[in-house]
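Residue numbers (our numbering), protein chains in the order written: chain L, 9 to 219; chain U, 3 to 181.
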Amino acid sequence: MTTQRDFDAFDASTWNESERTYFEIVNGALKAQENLTISNGKPQHAVYLLRTFLANAKRSLRMYSGALARYIDGGHVAAFDNPHVLHAAETMLTRPNATMAVMIEQSLDVEEGGSPDDHPLIRLAKRMKSERRLRGNLEISQATEAVKSALKEADFRHHWMVMDGSAYRLETDPSLARATVNFGDPRSARALDTMFRALWPHGTSVVSIQP
Amino acid sequence: MPPFGDFESFLELAFAVNLIWGIWGDLRARLENRFGNPKLKTQVAAAIDTSSATAVDSLVERARRWRSGLSRVGQVASLAVAVAIAMCLFFVQSTVELSGGWRALVFFAMCPVPVFAFFMWLVNPIFTLAVWLKAGRVTIDSSPIDNVGQATKDVQKSLTEDGSRESSDGTGTGSSGNG
Numbered sequence: 009m010t011t012q013r014d015f016d017a018f019d020a021s022t023w024n025e026s027e028r029t030y031f032e033i034v035n036g037a038l039k040a041q042e043n044l045t046i047s048n049g050k051p052q053h054a055v056y057l058l059r060t061f062l063a064n065a066k067r068s069l070r071m072y073s074g075a076l077a078r079y080i081d082g083g084h085v086a087a088f089d090n091p092h093v094l095h096a097a098e099t100m101l102t103r104p105n106a107t108m109a110v111m112i113e114q115s116l117d118v119e120e121g122g123s124p125d126d127h128p129l130i131r132l133a134k135r136m137k138s139e140r141r142l143r144g145n146l147e148i149s150q151a152t153e154a155v156k157s158a159l160k161e162a163d164f165r166h167h168w169m170v171m172d173g174s175a176y177r178l179e180t181d182p183s184l185a186r187a188t189v190n191f192g193d194p195r196s197a198r199a200l201d202t203m204f205r206a207l208w209p210h211g212t213s214v215v216s217i218q219p
Numbered sequence: 003m004p005p006f007g008d009f010e011s012f013l014e015l016a017f018a019v020n021l022i023w024g025i026w027g028d029l030r031a032r033l034e035n036r037f038g039n040p041k042l043k044t045q046v047a048a049a050i051d052t053s054s055a056t057a058v059d060s061l062v063e064r065a066r067r068w069r070s071g072l073s074r075v076g077q078v079a080s081l082a083v084a085v086a087i088a089m090c091l092f093f094v095q096s097t098v099e100l101s102g103g104w105r106a107l108v109f110f111a112m113c114p115v116p117v118f119a120f121f122m123w124l125v126n127p128i129f130t131l132a133v134w135l136k137a138g139r140v141t142i143d144s145s146p147i148d149n150v151g152q153a154t155k156d157v158q159k160s161l162t163e164d165g166s167r168e169s170s171d172g173t174g175t176g177s178s179g180n181g
């Protein structure tokens, strides 16, 4: 398994001029908290954003996800099994009281026959706890049928994540791998945050790791 | 006498103006990157994110090279033109006495700024147009984020009704976490 296809989002030497332009726009928008709707569907771009959100979340990262996929794009691009993503998650989980709350629609993406503890993110959090380095919280919950049908009835079949209630990434069309990210639209971010908090009590806990 | 005194003084001025213009050009490029047109940035990012890398890459790369190349050509050309005009004028001025209007015209012609500005005025819209033509075809569907408020209300209503039903028939699911 490899993390690269055409280019590696975490290795600037593999970027061409377009990718350099793209990452300049993303990093500039993050730095300025610019209200800019940036397309973020390409798998490498999505993983780069995941790392960016994890590395920059000061208080919270709330995510409504499919299965916390270890690999995306047919296994060509590492997501939660990417060392850069895990390093960013480690950074976030060392922040006191920072909370990463995830609600998943499907079962956790682990090796066949594996348990949730085999997921790279959970393994990381448990290792940090055993080493007494865990300062933040990791909460993973499974969406119940009630949650799924409520979203279906509301015709809101998207995955999203919200960082500190101020920045968001929303998958607008998963079938076409379309998503947008915005670092400077707190109103929309709060709306997605509200949606997540409305769903959260109706999930069933998969794992809860606290310091 | 040339309008700026002696020939050396004119050259110094020509170089100084060109230098200032170059610095301003660089500063402007940085400002454009920092406070650039958000819609254009959105479109460019979308074009890069949704298109095949090579298709957009060739456009962006060529446009950038072309632009920076022409900037350099423009700078050199403006300086060369300024020096050439200055040399011509030096000889003209030394033999012909010009009236006020002609003198003003000569003053304008000798300044390298209009020459360089002409290049930039020509290049910038073409560059922008090229990016727009390519990136403008990409549309971003903003409806999901526009509808999230209403969707949240619908979800809350649905879950509340569902919770009421479950409470009444005693099949409530457990809740977890603190979100």
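Heads up, the beta-carbon is just placed ideally off N, CA and C, and yes, glycines get one too.
Counting C-beta pairs closer than 8 Å gives fewer than three between the stretch 50-68 of chain L and the stretch 205-217 of chain L, which falls short of the contact rule. When rounded, the separation of the alpha-carbon atoms in U/G151 and L/N190 is 17 Å.
Note on geometry: alpha-carbon atoms of L/L159 and L/A75 lie some 17 Å from one another. Assignment of beta-bridge partners to L/D181 by DSSP yields L/R186.
In this structure L/Q114 is exposed. Its beta-carbon is surrounded by fewer than 16 other beta-carbon atoms within 10 angstroms.
Between the stretch 15-25 of chain L and the stretch 170-180 of chain L there are fewer than three inter-stretch CB-CB distances shorter than 8 Å, so the stretches are not counted as touching. When beta bridges are read from the DSSP output, L/V215 appears opposite L/I148.
Per DSSP, L/V55 lies in no beta strand (DSSP E); the unbroken alpha helix (DSSP H) holding it starts and ends at P51 to N64.
No residue range can be given for L/V118, since it is assigned to no alpha helix (DSSP H) and is classified by DSSP as neither H nor E. L/M169 is bridged by DSSP to L/M71 and L/R177. Nearest in C-alpha terms to L/T152, of all of L/I112, L/H84 and L/A133, is L/I112.
A Cβ-Cβ contact shorter than 8 Å links U/D143 with L/T180. For L/A106, the nearest beta carbon of chain U is not closer than 8 Å to its own beta carbon. Burial is judged here by how many other beta carbons sit within 10 angstroms of a residue's own beta carbon; L/Q150 has at least 16 and is buried. Restricting attention to L/V93, L/A197, L/W168 and L/D117, the CA atom closest to the CA of L/A187 is found in L/W168.
For L/T22, there is no enclosing alpha helix (DSSP H), as DSSP gives it neither H nor E.
Collapsing the DSSP output to three states places U/A48 in a helix.
Straight-line measurement puts the Cα of U/I50 at about 11 Å from the Cα of U/K43.
For the pair L/K134 and L/G83, the Cα-to-Cα distance works out to about 25 Å.
The C-beta of U/L161 comes closer than 8 Å to at least one C-beta of chain L. When the five nearest sequence neighbours on each side are left out, the beta carbons in the same chain lying within less than 8 Å of the beta carbon of L/L184 are those of G49, in order along the chain.
Proximity of chain U to L/G144 at the Cβ level (cut-off 9 Å) is not reached, the minimal Cβ distance being about 13 Å.
Sorting L/E32, L/T107, L/D81 and L/F88 by C-alpha distance to the C-alpha of L/E119 places L/F88 at the top. The beta carbons of L/L62 and L/A97 sit about 5 Å from each other, so the pair counts as a contact at 8 Å.
Inter-residue distance for L/F18 and U/D164 is about 44 Å (C-alpha atoms, whole angstroms). For L/R186, the residues of chain U that pass the 8 Å Cβ criterion are T52 and D143, in the order they occur in the chain.
Non-local C-beta neighbours of L/R103 in its own chain, meaning closer than 7 Å and more than five positions away in sequence, comprise K66, R143 and G144, ordered along the chain. L/A86 sits in a strand when the DSSP states are folded into three classes. Annotation for L/E139: no alpha helix (DSSP H) segment contains it, and DSSP assigns it neither H nor E. The beta carbon of L/S213 lies closer than 6 Å to those of S149 in the same chain, with the five residues before and after it left out. Distance between U/V46 and L/R195, taken at the CA atoms: about 24 Å.
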